[in-house]
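First residue of the sequence shown? That's 33 in the numbering used here, and the numbers climb one at a time after it.
Beta carbons: idealized from backbone N, C-alpha and C, even for Gly.
Nothing here was measured: the structure is a model prediction, and the numbers come from that model.
Before any comments, here is the structure.
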Amino acid sequence: MSERVNDQDLSPESKAFKYGLDVIDKTEPLIADYIRGELENQRTQLKLIASENYASPAVLLAMGNWFSDKYAEGTPGHRFYAGCEFVDKVEVLASEHAKELFDAEYAYVQPHSGIDANLVAFWALLAYRVEAPFLQDKEVRHVNDLNDGDWATLRKAFGNQRMIGMSLDAGGHLTHGFRPNISGKLFDQKSYGVDPDTECLDYANIKLLAEEFRPMIIVAGYSAYPRKVNFAKMREIADSIDALLMVDMAHFSGLVAGKVFTGDFDPIPHAHIVTSTTHKSLRGPRGGIVLSNEKGLNEHIDKGCPMVLGGPLANIMAAKAVAFAEAKTASFQAYAQQVVDNALALAEGIEKRGGRLVTGGTENHLVLVDVRSFGLTGRQAESALEESGVIVNRNSIPFDPNGAWYTSGIRLGTPALTSLGMDCDDMGEVADIICSTLSSTEPSQTKTGEISKAKFTLDQSFIAQSNGRCNKLLSMNQLYPNVNIEGSI
Ligand code: PLP
Numbered sequence: 033m034s035e036r037v038n039d040q041d042l043s044p045e046s047k048a049f050k051y052g053l054d055v056i057d058k059t060e061p062l063i064a065d066y067i068r069g070e071l072e073n074q075r076t077q078l079k080l081i082a083s084e085n086y087a088s089p090a091v092l093l094a095m096g097n098w099f100s101d102k103y104a105e106g107t108p109g110h111r112f113y114a115g116c117e118f119v120d121k122v123e124v125l126a127s128e129h130a131k132e133l134f135d136a137e138y139a140y141v142q143p144h145s146g147i148d149a150n151l152v153a154f155w156a157l158l159a160y161r162v163e164a165p166f167l168q169d170k171e172v173r174h175v176n177d178l179n180d181g182d183w184a185t186l187r188k189a190f191g192n193q194r195m196i197g198m199s200l201d202a203g204g205h206l207t208h209g210f211r212p213n214i215s216g217k218l219f220d221q222k223s224y225g226v227d228p229d230t231e232c233l234d235y236a237n238i239k240l241l242a243e244e245f246r247p248m249i250i251v252a253g254y255s256a257y258p259r260k261v262n263f264a265k266m267r268e269i270a271d272s273i274d275a276l277l278m279v280d281m282a283h284f285s286g287l288v289a290g291k292v293f294t295g296d297f298d299p300i301p302h303a304h305i306v307t308s309t310t311h312k313s314l315r316g317p318r319g320g321i322v323l324s325n326e327k328g329l330n331e332h333i334d335k336g337c338p339m340v341l342g343g344p345l346a347n348i349m350a351a352k353a354v355a356f357a358e359a360k361t362a363s364f365q366a367y368a369q370q371v372v373d374n375a376l377a378l379a380e381g382i383e384k385r386g387g388r389l390v391t392g393g394t395e396n397h398l399v400l401v402d403v404r405s406f407g408l409t410g411r412q413a414e415s416a417l418e419e420s421g422v423i424v425n426r427n428s429i430p431f432d433p434n435g436a437w438y439t440s441g442i443r444l445g446t447p448a449l450t451s452l453g454m455d456c457d458d459m460g461e462v463a464d465i466i467c468s469t470l471s472s473t474e475p476s477q478t479k480t481g482e483i484s485k486a487k488f489t490l491d492q493s494f495i496a497q498s499n500g501r502c503n504k505l506l507s508m509n510q511l512y513p514n515v516n517i518e519g520s521i
């Protein structure tokens, strides 16, 4: 039953969302219902997906407006469309905020996602290292000025380049040169893994691979590696073979913005080019950015649209500007530190209760648990936890015997729960809910009597009790406590 609340008692955020839903209700009530349902789901699940977060109402509201209607291919002041006065202001502001936040000379805020940011970066590096010297050699200014033979030679040269990136089972990302992604079709790629004993990066081995394979690009960054990466060392390796260092900080950009990762662990001063999503630990809208301090590279990054991107989404750039403004505050820095403290508390809590941690711990926002220590596959652990009220994703671990589908690990991240205000004590309770669920989960047998990698049994009363514990934590740490969309207006 929805409760009636007087308009004058509503917070501005409640009014904004409630009235907005009322407008949608009049045209497609199902969508308004689905939006309400999503909020309800998000409010009742313990979200430990390492790549997700909760953007603020200000960020969310900046996305839903008439900037969505405007075409603005090009860059501020150099558009292929008229009427871009306010889009220009938005893009300049978002870019200025990003430059200040990350202490970067150059920031491109148009990419629509992390994949897009990486594509822009790859093509900017190719233009910088392959295309520009070729045009200079041919004494022309533009690819359109090349004759057909030279154009064919240049196209071949694009396809002849090499890169190295972190292997998928060590925590790398598909966009770092793997065949299912366009980066793997474009580049000849080899990957570096982790040391089999420590499960941590082995820089001497990365250097050996780089010297042997001689890539044009070295990609650093990850989506499931629970340790810091030394970017000063990665740059040294890149310089030693005249390669370009690209860092994809999609996962940990919030920790860079929040000044938790500094010095050798801050990629901006060390990499030629840095990409990120804006929606993970950075807590902004879904989107991407490209940053650089390399002279001469910015003009190539600027060509991201229309080279590989569709027209910029001005509403999303507006939301990025709001998120960057938030990330510049002292309270965001405190948040970023708490994300890392919470991950450490969660890791300790899980280890204490018998879970094996990949690399033996964490230094960032994520914890990778080897669920074979509970006799389960990642697939079973993910599903059992979902029934218990905890949302995680299964993940490969280094040298995973269960492959990429069933996996042997689960990846846990603290950015979202920390946004709700949870602290290290709460992480003890979360660790207990997770470990008691995994300990109570029994793999089922297949029809042929083998142990299933997917099916399992978990007691119904245990599930009810566990969901109750999750709800208690969530009621004490509410999502959007000042947003009330109950009842009709
Ligand atoms: N790079 C890394 C390291 C990621 O973890 C991800 C997302 O999971 C991406 C890129 C792609 O981001 P998006 O989903 O926004 O395209």
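request  = Could you tell me whether any Cβ in chain D is nearer than 8 Å to the Cβ of L42?
outcome  = No chain D is present in this structure, which holds just one protein chain.
ask   = Going straight from the alpha carbon of C502 to that of E84, what length do you get?
value = Stepping through the sequence shown from its first residue, residue 502 is reached at position 470. Stepping through the sequence shown from its first residue, residue 84 is reached at position 52. So the two alpha carbons sit approximately 18 Å from each other.
ask   = Quick one: what does DSSP say S34 is sitting in, helix, strand or coil?
value = Counting from one through the sequence shown, the residue named residue 34 turns up at place 2. In this prediction, S34 has a pLDDT of 47, which is less than 50 and means its spatial position is unreliable; nothing more can be read from the coordinates.
ask   = Is it true that the CB of T446 sits closer than 8 Å to the CB of V27?
value = The requested residue 27 does not occur in the structure, where the chain is confined to residues 33 to 521.
inquiry  = The beta strand (DSSP E) that contains F488, what's its start and end?
reply    = As a position in the sequence shown, residue 488 is number 456, starting the count at 1. Residues I483 to T489.
key: Integer Cβ distance of A130 from A139, believed to fall under 8 Å   = Counting from 1 along the sequence shown, the entry for residue 130 is found at position 98. Counting from 1 along the sequence shown, the entry for residue 139 is found at position 107. Between A139 and A130 the Cβ distance is about 4 Å, and since that is below 8 Å, they are a contact.
task = Decide if M33 is buried, meaning its Cβ has at least 16 other Cβ atoms within 10 Å, or exposed.
result = The sequence position of residue 33 within the sequence shown is 1, counting from 1. Residue placement at M33 is poorly supported in this model, since its pLDDT is 43, which falls under 50; the coordinates still yield a value, given next. By the neighbour-count rule (16 or more Cβ atoms within 10 Å), M33 is not buried but exposed.
inquiry  = Does V152 pass the burial test, meaning 16 or more other C-beta atoms within 10 Å, or should it be called exposed?
reply    = On the sequence shown, residue 152 is found 120 positions in, with the first residue counted as 1. It is buried - the Cβ of V152 has at least 16 other Cβ atoms within 10 Å.
message = Please give me, in chain order, every unbroken run of the beta strand (DSSP E) with length at least 3 that falls completely inside the region 190-220.
response = Within the region 190-220, the runs of beta strand (DSSP E) that reach at least 3 residues and sit entirely inside it are, in chain order, 194-198.
inquiry  = For M278 and V251, which I take to be in contact (beta-carbon distance under 8 Å), what is that distance rounded to the nearest angstrom?
reply    = As a working note, residue 278 is residue 246 in the sequence shown. As a working note, residue 251 is residue 219 in the sequence shown. About 5 Å; that satisfies the 8 Å criterion.
key: Three-way DSSP call (helix, strand, coil) for G320 in this model   = One-based indexing of the sequence shown puts residue 320 at position 288. Of the three classes helix, strand and coil, the one that applies to G320 here is strand, per DSSP.
inquiry  = Cutting at 6 Å between CB atoms, please list the residues of its own chain near E395, excluding the five before and the five after it.
reply    = Residue 395 sits at position 363 when you count from the first residue of the sequence shown. Once the five neighbours on either side are set aside, the close Cβ partners of E395 are R259 and K260.
task = Please check the pair F494 and S472, which I expect to be a contact at CB under 8 Å, by giving their CB distance rounded to whole angstroms.
result = On the sequence shown, position 462 is the one that residue 494 refers to. On the sequence shown, position 440 is the one that residue 472 refers to. With a beta-carbon spacing of about 5 Å, F494 and S472 fall inside the 8 Å limit used to define contacts.
Cβ-Cβ distance between A448 and Y66 below 8 Å = Counting from one through the sequence shown, the residue named residue 448 turns up at place 416. Counting from one through the sequence shown, the residue named residue 66 turns up at place 34. Contact flag unset, no.
Residue closest to K360, alpha-carbon to alpha-carbon, out of F406, G500, V422 and K291 = Sequence index remark: in the sequence shown, residue 360 carries index 328 (1-based). Measuring from the Cα of K360, the nearest candidate turns out to be K291.
Rounded separation between S199 and L80 - CA only = By one-based count along the sequence shown, residue 199 stands at place 167. By one-based count along the sequence shown, residue 80 stands at place 48. Cα-Cα distance, rounded: 23 Å.
query = On the three-pair Cβ rule with 8 Å, is the region 105-125 touching the region 314-327?
reply = Cβ pair count under 8 Å is below three, so no.
key: Pairwise C-alpha distance: Q193 and H174   = By 1-based counting over the sequence shown, the position of residue 174 is 142. By 1-based counting over the sequence shown, the position of residue 193 is 161. So the alpha carbons of these two residues sit roughly 21 Å apart.
ask   = To the nearest angstrom, how far is it from the Cα of M195 to the Cα of E331?
value = Reading the sequence shown from its first residue, position 163 is the one you call residue 195. Reading the sequence shown from its first residue, position 299 is the one you call residue 331. The alpha-carbon atoms of M195 and E331 are separated by roughly 22 Å.
query = Apart from the five residues on each side of it in sequence, which residues of its chain come closer than 7 Å, Cβ to Cβ, to G203?
reply = Here residue 203 corresponds to residue number 171 of the sequence shown, with the count starting at 1. Non-local C-beta neighbours of G203 in its own chain, meaning closer than 7 Å and more than five positions away in sequence, comprise Y254, S255, A256 and Y257, ordered along the chain.
key: Delimiting residues of the alpha helix (DSSP H) encompassing Q365   = For the purposes of this step, residue 365 is taken as the residue at position 333 of the sequence shown. Run containing Q365: A362 to K384, per the alpha helix (DSSP H) assignment.
ask   = Heavy atom of the ligand PLP less than 7 Å from the Cβ of Y51, yes or no?
value = On the sequence shown, residue 51 is found 19 positions in, with the first residue counted as 1. It does not: the Cβ of Y51 is nowhere closer than 7 Å to a heavy atom of the ligand PLP.
query = Taking the alpha-carbon positions, what's the P143 to S100 distance?
reply = Residue mapping note: residue 143 aligns to position 111 of the sequence shown, counting from 1. Residue mapping note: residue 100 aligns to position 68 of the sequence shown, counting from 1. Rounded to the nearest angstrom, the two C-alpha atoms are 15 Å apart.
message = My assumption, with CB atoms under 8 Å, is that E326 sits in contact with H304. Please give the rounded CB distance.
response = Counted from its first residue, the sequence shown places residue 326 at position 294. Counted from its first residue, the sequence shown places residue 304 at position 272. Right, their Cβ atoms sit about 5 Å apart.
query = At which residue ranges does the region 248-297 contain complete alpha helix (DSSP H) runs of 4 or more residues, listed in the order of the chain?
reply = Counting only runs of 4 or more, we get 263-272 and 285-289.
query = When the Cα of M454 is compared with those of R187, I147, D201 and A375, which residue comes out closest?
reply = Here residue 454 corresponds to residue number 422 of the sequence shown, with the count starting at 1. Checked all of R187, I147, D201 and A375; the closest Cα to M454 is A375.
inquiry  = Is the beta carbon of G386 closer than 8 Å to that of C467?
reply    = Locating residue 467 in the sequence shown gives position 435, where the first residue counts as 1. Locating residue 386 in the sequence shown gives position 354, where the first residue counts as 1. Their beta carbons are under 8 Å apart, which means C467 touches G386 by this criterion.
query = Buried or exposed: where does S420 fall if 16 or more other Cβ atoms within 10 Å of its Cβ makes it buried?
reply = As a working note, residue 420 is residue 388 in the sequence shown. The residue is buried, with at least 16 neighbouring Cβ atoms inside 10 Å.
ask   = Taking Cβ to Cβ, would you say M78 is nearer than 8 Å to L506?
value = In the sequence shown, residue 78 corresponds to position 46, counting from 1. In the sequence shown, residue 506 corresponds to position 474, counting from 1. The amino acid at residue 78 is misidentified as Met; the sequence shows Leu. Yes; because the gap between Cβ atoms is below 8 Å, this pair is in contact.
message = Checking 8 Å against the spacing of the C-beta atoms, do A190 and V162 come in under that value?
response = For this step, residue 190 is matched to residue 158 along the sequence shown. For this step, residue 162 is matched to residue 130 along the sequence shown. Note that residue 190 is Phe in the sequence shown, not Ala. For F190 and V162, yes; Cβs fall inside 8 Å.
message = By DSSP's criteria, S308 is part of a beta bridge. Which residues make up the other side?
response = Numbered from its first residue, the sequence shown carries residue 308 at position 276. For S308, the beta-bridge partners assigned by DSSP are I321.
message = Helix, strand or coil for T59? Go by DSSP, reduced to three states.
response = Translated into positions along the sequence shown, residue 59 becomes position 27. Coil.
ask   = Which residue from L378, H397, I348 and Y512 puts its Cα closest to that of D457?
value = Position 425 of the sequence shown, counted from the start, is the residue given in the question as residue 457. The option with the nearest alpha carbon to D457 is L378.
Buried versus exposed call for S440 [16 or more other C-beta atoms within 10 Å across all chains shown] = Within the sequence shown, the letter at position 408 stands for residue 440. So S440 counts as buried.
query = Excluding sequence positions up to five away, which residues of its chain have a Cβ less than 7 Å from the Cβ of I249?
reply = Taking the sequence shown and counting its residues from 1, the one referred to as residue 249 is at position 217. Contacts found: L157, M195, A275, L276 and M278.
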